[in-house]
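Novice: Sharing a structure here in structure tokens format.
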Amino acid sequence: MQEKALVWQEVDLVMKKKASSASSLRKIRKEFDDDDIDDDSEEDPTEGFESLQYAISSGSNRQLQPPQQQPLKSNVPPLNPQQSNASILNSQRSWATSTQQQPSLQTSQIHDSQSSQYQTSSPSSTTAKSIRKRKLLHLLYLTICAILLCSFAFLIESTKLMTYARTRATLVSDVLTEMNGVKPQLVEKDGIISDSSSETDTGGETHTSLAKSMPTIIELTPEQEKFNTLQSILSPSISAPESFELTHTPQYRALTFLVSTDGRNLPIPTTSSQEAKFIQRYILTVLYYAMGGEEWNHQFKFLSALDECRWNEKISVEGGQEYIGGVGGCDVNGMIQTVALWDNNLDGQLPMEIGELKSVKVMSLFSNEIHGVLPLNVANMNSLELLYLHSNNLVGDFGFMCPLQIENFRADCFGGTNANVQCSCCNVCCAKNNVHNENACYIQ
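Using numbering that gives the first Met the number 0, the first residue of the sequence shown is number 0, and each one after it goes up by one.
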């Protein structure tokens, strides 16, 4: 009886362990929701206990077999009637041990399968998210750079336009000052350049109409239109375009004189002969302004309403001698052939336009304060027969004049390589500042 009680205790212990393993298995199944484990295959923990009790109480002719389990297979062998109680106890212990190990194996397999799924899926999703973030950051960076570049370019172009508008307004103001003697007061308000006279005062309050608040469009007067038309004739064949951009240049002053002040009031040329006469008058006016005509010893009727062929006077010198100075000796077409301005306090640089006086045969400019270099355009004066440039402050090489084969060509070339002027084709070389002293000039 004691052995039978021990057997029942062992069986009871085995059944409790089996029940605890089954309950833990159900918890694992519920946590991971594994489809491979069937919930319907759970066993009743009392099933084996009832079978074993029935087998022991029924006698030695019945064999004790473990209950059939679907997921857990028993390793307990069937009992023979001749087996002792000790062998039964040993077999039951081995059967209980096998049933206890199998659920733990299944649990570890479930954990391994779930962890492997998470390990395989997590890195790929993390990498894809990081790639998307990088792409978005790169796109944002490029967008910001493009916006900054466009803003910088817009700022530069706006500055250029504002500078151009101010410069243009200043030039127009200067033109109006030269022509009409009235300078409009151009003011800038809220980025708009307009004439201050557009504002009216009514009832002590200054107001501006909607139309006059817009940028002022200055309508060209007939004189301004004539100025632009004549400038298109002169530029760029006679004078450089930039020479008309500033109001103090001899070119700008000469054209302004011909448009608004000249008493002769030449019309806009329509024929080639009229154009030639206009260009000739313009070049002589440029020479006057470039050489400080206001300070000349003799004005020779320059800038008068007379034809330029009559811009000359008879001058008396010491000893009772007389000579005609100025410009004149015109041919049948009204083109001048003589420029005699010697010893007349000409001071400055010869303008390049003088080379376009292609009908001039005699040009005497000696004994003045002409400085700088001789313009290359003088080589275009292919009608020259006499050219006196000595007793001035000219420098440089006059070799470019040699192809003209001028019969009487004088310059300050005395002294060889030490002279201010190098002139291999000059027939007479003079020493500087030796006026009226023929001993200072030597025939080469």
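Each residue gets a CB set at the ideal place from its N, CA and C atoms; glycine is no exception.
(1) State the start and end residues of the unbroken beta strand (DSSP E) segment that holds N407.
(2) Is the CB-CB distance between D346 and E294 below 8 Å?
(3) Helix, strand or coil for E334 per DSSP?
(4) Cutting at 7 Å between CB atoms, please list the residues of its own chain near E317, excluding the five before and the five after it.
(5) Would you call the stretch 356-363 and the stretch 233-246 touching, i.e. three or more CB-CB distances under 8 Å?
(6) Hey, could you find the ends of the beta strand (DSSP E) K225 is sitting in?
(7) From what residue to what residue does the alpha helix (DSSP H) around I452 run?
(8) Which word fits C144, buried or exposed, when buried means at least 16 other C-beta atoms lie within 10 angstroms of its C-beta?
(9) Where does K313 fall in DSSP's three states?
(10) Taking the beta strand (DSSP E) that L254 falls in, what are its first and last residues?
(11) Given Q348, which residues of its chain have a CB within under 6 Å of its CB, disregarding the five upstream and five downstream residues?
(12) Rank S234, D306, M380 and I442 by C-alpha distance to the C-alpha of R263 and give the top, closest one.
(13) Give a yes or no on contact between the stretch 224-232 and the stretch 145-161, applying the rule of three or more CB pairs nearer than 8 Å.
(14) Would you mind working out which of V377, S366, N376 and C412 sits nearest A339, comparing C-alpha positions?
(15) Would you check if there are 3 or more beta carbon pairs closer than 8 Å linking the stretch 318-326 to the stretch 379-386?
(16) What does the alpha-carbon distance come out to for the pair L5 and S124?
(17) Measure the alpha-carbon distance for T106 versus L139 and round it to whole angstroms.
(18) Applying the 10 Å Cβ sphere with the 16-neighbour rule, what's the burial state of R280?
(19) So, at 8 Å on beta carbons, what are the nonlocal neighbours of N376 in its own chain, with the 5 sequence-adjacent residues on each side left out?
(20) What's the gap between the Cα of M334 and the Cα of L283?
(21) For L219, count the other beta carbons within 10 Å of its own beta carbon; 16 or more makes it buried, fewer makes it exposed. Which is it?
(22) Helix, strand or coil for V394, going by three-state DSSP, please let me know.
(23) Go to H370, then tell me how far its beta strand (DSSP E) extends in each direction, as first and last residue.
(24) Taking a contact to mean a Cβ-Cβ separation below 8 Å, would you say N419 touches D411 in this structure?
(25) Could you tell me the distance, in whole angstroms, from the CA atom of S129 to the CA atom of H137?
(26) In the DSSP assignment, find the unbroken beta strand (DSSP E) run with V361 in it and report its ends.
(27) DSSP state of L141, grouped into three classes?
(28) Nearest to P402 by CA position, among K313, S423 and L388, is which residue?
Specialist: Taking the definition as stated:
(1) N407 -> beta strand (DSSP E) spans N407 to A410.
(2) D346 is a Cβ neighbour of E294, given a cutoff of 8 Å.
(3) Rather than Glu, the amino acid found at residue 334 in this sequence is Met. M334 falls in the coil class under three-state DSSP.
(4) No residues qualify anywhere along the chain.
(5) no
(6) Note, K225: premise wrong, no beta strand (DSSP E); alpha helix (DSSP H) at P221 to L233.
(7) Here the chain has residues from 0 to 443 only, and residue 452 is not among them.
(8) exposed
(9) The answer is strand: DSSP assigns K313 an E or B state.
(10) From DSSP, L254 is part of no beta strand (DSSP E) but of the alpha helix (DSSP H) over P249 to T255.
(11) Excluding residues within five positions, the ones whose Cβ falls inside 6 Å are G371.
(12) D306
(13) no
(14) S366
(15) no
(16) 59 Å
(17) Below a pLDDT of 50, predicted positions are generally treated as unreliable, and T106, at 47, falls in that range; the measurement from the model is reported next regardless. Looking at the two C-alpha atoms, the distance is approximately 50 Å.
(18) buried
(19) M351, E352, I353, G354 and E355
(20) So the two alpha carbons sit approximately 12 Å from each other.
(21) exposed
(22) strand
(23) E368 to V372
(24) Their beta carbons are under 8 Å apart, which means N419 touches D411 by this criterion.
(25) 12 Å
(26) V361 to S363
(27) helix
(28) S423
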